[in-house]
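The structure under discussion appears below in the form of structure tokens.
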Amino acid sequence: MGGVDRNDQMKSYYAIKFRSRKWWHRVFFELLDRCVVNGHILELESPNHEPRTLKEFRVELAKKLIGDYTSRKRPGRPSMELTARLTERHFPSHLPTNEKGKVKERRCHVCSTKDQPRKTSYWCADCGVGLCAAPCFRIHHTHQ
1 MGGVDRNDQM
11 KSYYAIKFRS
21 RKWWHRVFFE
31 LLDRCVVNGH
41 ILELESPNHE
51 PRTLKEFRVE
61 LAKKLIGDYT
71 SRKRPGRPSM
81 ELTARLTERH
91 FPSHLPTNEK
101 GKVKERRCHV
111 CSTKDQPRKT
121 SYWCADCGVG
131 LCAAPCFRIH
141 HTHQ
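What follows is the structure, encoded as structure tokens:
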């Protein structure tokens, strides 16, 4: 019966710490840990593999499972290249008026937040973003 204790000991070194109220989450991650430890033991007993630590085995397993996965590209406006924004000469200008003669306003790209939108009537025509005239225009075109 020494194998069960050894398995528990090896599992405890790098156990997946996952707290959940759902009982099946706890069972799933317990079984996943057991499978990883058993896979490591089988690899150690295999004659054509060089021995490695459990940590190295887990890291290699994670890399193999992830593979060439990349997250999906999020939709949105394509951003301007950083070099063009920082090296070219851009000048602030007023936003054009609409048909009724009202001045359009845009959210400032630098100082506006989701909770506190900051409207401005200036923009950079080359970048196509709304920017406050005084500090934000300079910040946008000099900082990365």
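Going by full-length UniProt numbering, the first residue of the sequence shown is number 1, and it counts up by one from there. Each residue gets a CB set at the ideal place from its N, CA and C atoms; glycine is no exception.
Q. Could you check where the beta strand (DSSP E) with residue 193 kicks off and where it finishes?
A. Given a span of 1 to 144 for the chain in the structure shown, any question on residue 193 remains unanswerable.
Fill in: Sequence-distant residues of the same chain with beta carbon closer than 6 Å to S93, five excluded per side
Contacts found: A125.
### Query
Given H40, which residues of its chain have a CB within under 6 Å of its CB, disregarding the five upstream and five downstream residues?
L54, F57
ask   = If you compare alpha carbons, which of G128, E30, R26, R74 is closest to N7?
value = E30
- Task: Below 8 Å on the Cβ atoms is my guess for C111 versus C136; work out the distance and round it to an integer in Å.
- Result: 5 Å
* Asked: From T142, Q9, V36, Y13, pick the residue whose C-alpha is nearest to that of H90; which is it?
  -> T142
DSSP three-state assignment for P135, whether helix, strand or coil: helix
Practice prompt. Measure the CB-CB distance between R107 and P96 and report whether it falls below 8 Å.
Written response: no
Of the residues D115, K11, H109, the one placed nearest Y122, counting alpha carbons only:
H109
Cα-Cα separation, M1 to Y14: Bear in mind that the predicted position of M1 carries a pLDDT of just 48, short of 50, making it unreliable; the figure below should be weighed with that in mind. Taking the straight line from one Cα to the other gives about 22 Å.
Given that a residue counts as buried once 16 or more other Cβ atoms are within 10 Å of its Cβ, and exposed if not, what is L131?
buried
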